[in-house]
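Enquirer: The structure that follows is given in the form of structure tokens.
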Amino acid sequence: MVLYTSPFPNSFLSVLHSFSWGLIFPCYWLADRLVASFVPTTYEKRQRADDPCYFHALCIIITTPIYLALLVASLPFALIGFLLWSPLQSARRPYIYSRLEDKHHANGATLLTEWKAAGNGKSFCFGSANVCLLPDSLARFNNVFNTQARAKEIGRRIRNGASRPQIKIYIDSPTNTSISAASFSSLVSPQGGDNTNRSVNAGMKRTSSMEYKGDNAGSNNSEDCREDKGGAGEPNEGEENTCIVRINGEDNVQMSEAETETINGQAHASGPAEPSLEGDAEISKTPNHKQKEGDSGSLDSYSASRESLVKVRIGDGTADQSTVNNKLLYKASIMKKTSVRKKKHTDETFDHEISAFFPANLDFLCLQEVFDKRAAEKLKEQLHHYFEYIVYDVGVYSCHSCCSFKFVNSGLLFASRYPVMDAAYHCYPNGRGTDSLASKGALFLKVQVGSTPQDQRIVGYISCTHLQAIAGDTTVRCEQLDMLQDWLSDFRKSTSSSSTANPEELVAFDVICGDLNFDNCSSEDKLEQQHSLFTHYKDPCRIGPGEDKPWAIGTLLDPEGLYDEEVCSPDNLQKVLESEEGRKAYLVYPTSKNHSSSQKGRKASLKGNGRRIDYMLYTEEGLYLEWKLEVEEFSFITQLAGLTDHLPVAMRLVVSTGEEDP
1 MVLYTSPFPN
11 SFLSVLHSFS
21 WGLIFPCYWL
31 ADRLVASFVP
41 TTYEKRQRAD
51 DPCYFHALCI
61 IITTPIYLAL
71 LVASLPFALI
81 GFLLWSPLQS
91 ARRPYIYSRL
101 EDKHHANGAT
111 LLTEWKAAGN
121 GKSFCFGSAN
131 VCLLPDSLAR
141 FNNVFNTQAR
151 AKEIGRRIRN
161 GASRPQIKIY
171 IDSPTNTSIS
181 AASFSSLVSP
191 QGGDNTNRSV
201 NAGMKRTSSM
211 EYKGDNAGSN
221 NSEDCREDKG
231 GAGEPNEGEE
241 NTCIVRINGE
251 DNVQMSEAET
261 ETINGQAHAS
271 GPAEPSLEGD
281 AEISKTPNHK
291 QKEGDSGSLD
301 SYSASRESLV
311 KVRIGDGTAD
321 QSTVNNKLLY
331 KASIMKKTSV
341 RKKKHTDETF
351 DHEISAFFPA
361 NLDFLCLQEV
371 FDKRAAEKLK
381 EQLHHYFEYI
391 VYDVGVYSCH
401 SCCSFKFVNS
411 GLLFASRYPV
421 MDAAYHCYPN
431 GRGTDSLASK
441 GALFLKVQVG
451 STPQDQRIVG
461 YISCTHLQAI
471 AGDTTVRCEQ
481 LDMLQDWLSD
491 FRKSTSSSST
501 ANPEELVAFD
511 VICGDLNFDN
521 CSSEDKLEQQ
531 HSLFTHYKDP
541 CRIGPGEDKP
551 WAIGTLLDPE
561 GLYDEEVCSP
571 DNLQKVLESE
581 EGRKAYLVYP
591 TSKNHSSSQK
601 GRKASLKGNG
611 RRIDYMLYTE
621 EGLYLEWKLE
631 VEEFSFITQL
641 AGLTDHLPVA
651 MRLVVSTGEE
661 DP
């Protein structure tokens, strides 16, 4: 299958399309700004409450007539442009495939050579997020604004979080694997020789942050960080950028106040902050990008809370420059893993957490609601610092292939570190209400993740979708789930080049990611909860219809509280969501027919831990028979705090081959 690298089959149609959109854009922009001026966010309302001179109201009175006059003047040009633009959409391709041309940052070919289906297996990490990148006037109805600046910051946070090294701490304590009250971990090298073992003196409750001096955003050198591999168990093949630290601790691994102060003093004395990765001094107009104390979400900030920030010291502070390379600062994730996997929920077989960062070594990313085309370009540019392959501008426009007129695309975007072999998009034909104006649908992708010594390709399937959003449209969503399964089955059949007798390809995984717009606890969503999709695909957060696992939390934030001081940074939001009261205050909860729609009036009887409408599903059906697929960890991520009204989710799967290392 040919992957489309441009929206039109020839340059003439592309030029004609650009010309027609150039005629439409002034009218579109003026209408967007006019509506946006009358839809303030809660952040803007708080700022204007302190304005005694009503300056903003005066600005609206002055600018509204100007906007209206220019809007009327641009309408004739927009009409001409629309008459050209609309018929061109019948020739438009359903997506754009972008591959990073700069070979310095490219790593897809290298990744393919890493896995030869040998050893104990390999892990793959998947992420999904609804980023609410609508035109600014529409985004304001979700209490977010400045779409263009948000798009750039979202891309920076994602790729910075994913490109940091992964540090795994294995605690050897036969009696105590519980976590102390300290919410941070300090990793300090003794003032000794190069071969001295490092020591860690703190347990961890959750993923926190630390500063790390590494290579660049695309790849981090972690060879010097690997310690005591054999003692902690052999890692899966292909777990790059992983620093393994082994702790031979006492029964109670805790820090005294004196130790805490000493280590923090060493951290702050270890040197000044280095320049940021970008080197630019762009200041955003949105409050989301102002780094507050304790905000570690951007990784370009150098002010971090005492709980979440420590510096790695190498030897006596005079480490060789080649060891730290370009001295670029990154924050590394410390993930507490015990050698005997005792957890709060002892029946769970995998790790789960609320994390302030996207997982290190993120392999695949599925985004929803990337509707604004200019924002999509900015987001793509940022993501290309880490992901080599991106599929964006997915969907159809006008009346092409769908029964109703489509003003915007599907909003889907896919990014991958591995090469994309095939891609296909289908538009849901049964959208209703405002959802029918967007070409919501499903994007299906086939990626190559390795090859066997016999030159058999190892592939995986990933589906990204966004279902009907209007509450009460359960029948519509069920129909869309039916279509999703049928389309995915057809896609796998049409792209498979294998037979049972002569398999040319080995399927490692089949994953579905997306915003399904229903949760597993609301009484109104019973039809979706019992859909046959969940008999074929597994939800790591779900026990059964109507019941989630105790550790699973909602992914839909209450828009009214996005800019509250308690949750406006990744660290703060992480802390809030770890408590039941915090979740009740800042998450949207499942609805119940027995209670009113006012969330504040029914807090005592709320069910579950919030509305979890963003899903990551996987199946073992149709995979290579001799391999086994298991969940290694599942994360709810707060790194996009203040930038969207959804919590991103991430899942790491391990493909176990059952073969021993050569």
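Numbering (full-length UniProt numbering), first residue to last: 1 to 662. Note that beta-carbon positions come from the ideal geometry of N, C-alpha and C, so glycine has one too.
Leaving out the 5 sequence neighbours to the left and right, which residues in its chain are closer than 7 Å to THR318 when beta-carbon positions are compared?
Expert: Unreliable placement is indicated for THR318, whose pLDDT of 41 sits below 50; no coordinate value is reported for it.
Enquirer: Using CA atoms only, rank isn't needed, just tell me which of GLU528, LYS446, ALA139 and LEU437 is closest to LEU481.
Expert: In terms of CA proximity to LEU481, GLU528 leads the group GLU528, LYS446, ALA139 and LEU437.
Enquirer: What is the C-beta distance between SER635 and GLU353, in whole angstroms, given that I count them as a contact (C-beta under 8 Å)?
Expert: At roughly 6 Å, the Cβ-Cβ gap stays under 8 Å, so SER635 and GLU353 are in contact.
Enquirer: Spatial neighbours of LEU365 within its chain, please: CB distance less than 6 Å, with the 5 preceding and 5 following residues excluded, ordered by chain position.
Expert: Taken in chain order, the residues that qualify are GLY127 and ALA415.
Enquirer: First and last residue of the alpha helix (DSSP H) that includes TYR67?
Expert: 55-88
Enquirer: Could you name the residues that DSSP lists as bridge partners for LYS406?
Expert: The partner list for LYS406 (beta bridge, DSSP) reads SER398.
Enquirer: With a CB to CB cut of under 7 Å and the five nearest residues on each side skipped, what residues in its chain are close to VAL35?
Expert: Once the five neighbours on either side are set aside, the close Cβ partners of VAL35 are SER137.
Enquirer: Of all the options ASN146, GLY81 and ALA360, which has the alpha carbon lying nearest to the alpha carbon of SER167?
Expert: According to the sequence shown, residue 167 is Ile rather than Ser. Closest by C-alpha distance to ILE167, out of ASN146, GLY81 and ALA360, is ALA360.
Enquirer: Can you confirm whether the region 419-433 touches the region 472-491 when touching is taken to mean that 3 or more C-beta pairs between the two stretches lie within less than 8 Å?
Expert: yes
Enquirer: Using C-beta distances below 6 Å, list every residue in its chain close to SER398, excluding the 5 sequence neighbours before and after it, in chain order.
Expert: SER86 and GLN89
Enquirer: Residues in the same chain with beta-carbon distance under 6 Å from ARG652, minus the five sequence neighbours each way, listed in chain order, please.
Expert: So the qualifying residues of the chain are SER123, CYS125, GLU632 and GLU633.
Enquirer: Can you tell me which of ASN609, SER569, PRO570 and GLY81 puts its alpha carbon nearest to the alpha carbon of residue 665?
Expert: Residue 665 falls outside the range modelled here, since the chain spans only 1 to 662, and no answer is possible.
Enquirer: What are the uninterrupted segments assigned as alpha helix (DSSP H) that are 4 or more residues long and contained completely in the region 91-166, given in chain order?
Expert: Complete alpha helix (DSSP H) runs here, min 4: 108-114, 136-139 and 147-163.
Enquirer: In chain order, what residues of the same chain lie with their CB nearer than 6 Å to the CB of PRO559, ignoring the 5 residues before and after it?
Expert: Closer than 6 Å at the Cβ level, and outside the excluded window around PRO559, lie ASN142, ASN143 and ASP645.
Enquirer: Identify every residue that forms a DSSP beta bridge with VAL370.
Expert: LEU133
Enquirer: Between the C-alpha atoms of PRO40 and THR657, what's the straight-line distance to the nearest angstrom?
Expert: 54 Å
Enquirer: Would you mind sorting TYR54 into buried or exposed? The rule is 16 or more other CB atoms within 10 Å of its CB.
Expert: exposed
Enquirer: May I have the straight-line CA-CA distance separating ILE24 from PRO9, to the nearest angstrom?
Expert: 22 Å
Enquirer: From this set, ILE458, PHE19, TRP115 and ALA57, which residue's C-alpha is nearest LEU84's C-alpha?
Expert: PHE19
Enquirer: According to DSSP, VAL15 sits in a beta bridge with which residue or residues?
Expert: Note: VAL15 sits in no beta bridge, so no partner.
Enquirer: Could you give the C-beta distance for ASP435 and ALA471, rounded to a whole number, given that I count them as a contact under 8 Å?
Expert: That belief does not hold up - the Cβ atoms of ASP435 and ALA471 are roughly 11 Å apart, past 8 Å.
Enquirer: Could you give the first and the last residue of the continuous beta strand (DSSP E) run that contains LEU484?
Expert: It is not in any beta strand (DSSP E) - LEU484 instead sits in the alpha helix (DSSP H) that spans 474-495.
Enquirer: For my contact list, ASN130 and ASP515 are in at a C-beta cut-off of 8 Å; report their separation, rounded to the angstrom.
Expert: Right, the Cβ-Cβ distance comes to about 5 Å (below 8 Å), so this counts as a contact.
Enquirer: Go to LYS440, then tell me how far its beta strand (DSSP E) extends in each direction, as first and last residue.
Expert: Unbroken run through LYS440: none, as it is neither H nor E.
Enquirer: For SER445, list the residues DSSP reports as bridge partners.
Expert: What sits at residue 445 in the sequence shown is Leu, not Ser. LEU445 is bridged to ALA423 and ILE462.
Enquirer: Please report the straight-line C-alpha distance between ASN252 and ASP351, rounded to a whole angstrom.
Expert: In this prediction, ASN252 scores a pLDDT of 46, lower than 50, which makes its location untrustworthy; the coordinate-derived value is nonetheless stated afterwards. Each residue's alpha carbon lies about 21 Å from the other.
Enquirer: So, under 8 Å CB-CB, GLU505 and ARG542 are touching, yes? Tell me the CB distance rounded to an integer number of Å.
Expert: That pair is no contact at about 30 Å.
Enquirer: GLN485 and PRO570: beta carbons closer than 8 Å?
Expert: Result no, Cβ atoms of GLN485 and PRO570 do not sit closer than 8 Å.
Enquirer: Are the beta-carbon atoms belonging to TYR537 and TYR624 less than 8 Å from one another?
Expert: No, the pair does not count as a contact, with Cβ atoms beyond the cut-off.
Enquirer: Please report the distance separating the alpha-carbon of TRP115 from that of ALA508.
Expert: 12 Å
Enquirer: Label LEU629 either buried or exposed according to how many other C-beta atoms from any shown protein chain fall within 10 Å of its C-beta, with 16 as the threshold for buried.
Expert: buried
Enquirer: Does DSSP put GLY608 in a helix, in a strand, or in coil?
Expert: strand
Enquirer: Counting C-beta neighbours from all protein chains within 10 Å, is the total for LYS440 16 or more, i.e. buried, or is it exposed?
Expert: buried
Enquirer: Looking only at its own chain, which residues have a Cβ that is under 7 Å from the Cβ of PHE145, when we skip the five neighbours before and after it?
Expert: THR41, ASP136, ALA139 and THR286
Enquirer: What does a CB cutoff of less than 7 Å around PRO590 pick up in its chain, not counting 5 residues either side in sequence?
Expert: The residues ASP519, CYS521, SER522, LYS607, GLY608 and ARG611, in chain order, have a CB closer than 7 Å to that of PRO590 in the same chain once the five nearest residues on each side in sequence are set aside.
Enquirer: CA-CA distance, GLY81 and CYS27?
Expert: 10 Å
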